[in-house]
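This report refers to the structure that appears directly beneath it.
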Amino acid sequence: MLPIPAEELNGSGTLGPYWTFYRAVAAEQLNRWLPGEPSVILDLSGGRGRWSGQAARAGHRVIEVLDFRRTVDAQSRLRDADRVRHVRADDLAFLPDESVDAVLAEERAMSIELMAESAMSDVARVLRPGGRALVCVDSLVLGMAILAEQEQWQHLRQTGEVMLVPWPDGSITRCFSSGQLRELLMGAGLEVEWMRPRTVLSPSTVDHVLGSDGRALTWLVRTELDAHPDDDDTVGIHLVASARKS
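Here is the structure:
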């Protein structure tokens with residue numbers, strides 16, 4: 048899969064069909080991952096309401112940590128207010144040890160959080176034994192694509208070092224190899240269940256299939272999720288991992 052141009056990464060631009068597919072994959076991935084029984088879910092995905100809303104509608108109680116840097120959609124907050132508690136906080140000090148059943152760190156939360164090791168240790172602290180975390184991070188593929196667009200050729204080599212990449216808006220993203228993501232999770236005392244690129248199907252393939260038959264989205268999503276490119280960080284702009292606390 049070729050890297051996606053940086054201007055497309057916010058879901059705008061010419062890759063509309065691909066982002067429709069991407070969001071459908073992410074939603075079905077979460078649907079398959081969520082606990083089968085009603086549980087307490089901690090959502091660290093940035094206060095956008097999408098992930099907490101999906102978990103709430105699946106019957107779970109959700110604590111959503113709101114991001115100070117973003118405006119929260121009031122409609123999404125009202126729609127799921129009976130099952131979603133919103134908290135503005137810089138860290139998880141407000142939660143006692145072993146108080147939640149699962150943690151969502153979608154929307155690149157651990158890439159935006161440059162002190163990811165400390166944040167992940169806090170995630171492990173609040174998880175109950177047997178609890179799970181779903182984590183999405185920016186991949187080295189994405190980092191190298193952004194650096195190439197910025198003509199930062201001296202940094203375009205994959206090493207064991209932490210890759211911090213400046214975005215055009217002035218923010219910094221931390222990009223991970225599969226090995227680095229595994230190290231992050233295991234360093235917090237979590238057992239990695241699985242790890243994979245979020246998507247391996249290319250934008251051109253998705254665009255071609257959906258352009259030929261708009262009803263093919265469900266088939267494409269199933270094909271994507273039935274693939275098993277475990278630990279393959281040579282494709283995809285994001286890596287996703289599930290980890291469990293023993």
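For this note's numbering, count along the sequence shown from 1 and bump the result up by 47. Note that CB positions come from ideal geometry on N, CA and C, so glycine has one too.
As assigned by DSSP and simplified to three states, the class of residue i
i	result
S146	coil
H275	coil
D260	coil
A195	helix
D254	helix
G83	coil
G93	coil
S293	coil
Residue i versus residue j: straight-line alpha-carbon distance, rounded
i	j	result
D137	L181	20 angstroms
L264	P143	42 angstroms
R245	H133	27 angstroms
R175	M233	16 angstroms
A166	K292	15 angstroms
I88	D148	6 angstroms
S86	A195	43 angstroms
S225	V170	19 angstroms
V247	R172	33 angstroms
V72	A140	33 angstroms
T270	Y69	13 angstroms
L189	E164	21 angstroms
C222	S146	29 angstroms
E238	R262	38 angstroms
I284	L81	23 angstroms
First through last residue of the beta strand (DSSP E) which encompasses residue i
i	result
H107	Where H107 is concerned, there is no enclosing beta strand (DSSP E), given that its DSSP letter is neither H nor E.
F141	Where F141 is concerned, there is no enclosing beta strand (DSSP E), given that its DSSP letter is neither H nor E.
E153	Counting along the chain, E153 falls outside any beta strand (DSSP E), and DSSP gives it neither H nor E.
L237	237-244
P213	210-213
V87	87-90
R130	No beta strand (DSSP E) holds R130; DSSP gives it neither H nor E.
Boundaries of the alpha helix (DSSP H) in which residue i is found, first to last residue
i	result
A171	163-173
I219	Premise fails: I219 lies in the beta strand (DSSP E), 219-223, not in any alpha helix (DSSP H).
V282	Note, V282: premise wrong, no alpha helix (DSSP H); not H, not E.
V247	No alpha helix (DSSP H) holds V247; DSSP gives it neither H nor E.
R303	There is no way to answer for residue 303, as the model of the chain reaches only from 48 to 293.
Chain-order list of residues whose beta-carbon lies under 7 angstroms from that of residue i (same chain, five-residue window excluded)
i	result
L228	V184, M242, L286, A288
Q101	A74, L77
T252	none
R179	A149, S289, A290, R291
Other residues of its chain near residue i: CB distance less than 6 angstroms, five sequence neighbours each side excluded
i	result
D90	W98, S99, V109, E111, L151
A103	V109, D127, R130, V131
W266	none
V268	A71, V72, E75
E154	S92, G93
Beta-carbon contacts of residue i that lie in its chain and below 8 angstroms, excluding the five residues immediately before and after
i	result
A53	Reliability of the predicted coordinates at A53 is poor, the pLDDT of 44 falling under 50, and the value obtained from them is presented with this limitation in mind. Around A53: A192, I193, E196, W214, P215.
R79	L272
Practice problem: Examine the Cβ distances between the stretch 62-71 and the stretch 248-267 and report whether three or more of them are shorter than 8 angstroms. | Solution: yes
Practice problem: Flag this pair as touching only if the stretch 274-292 and the stretch 210-217 have three or more C-beta atom pairs under 8 angstroms; answer yes or no. | Solution: no
Exercise. Decide if the stretch 153-164 is in contact with the stretch 180-196; the criterion is three or more beta carbon pairs, one per stretch, under 8 angstroms apart.
Key: yes
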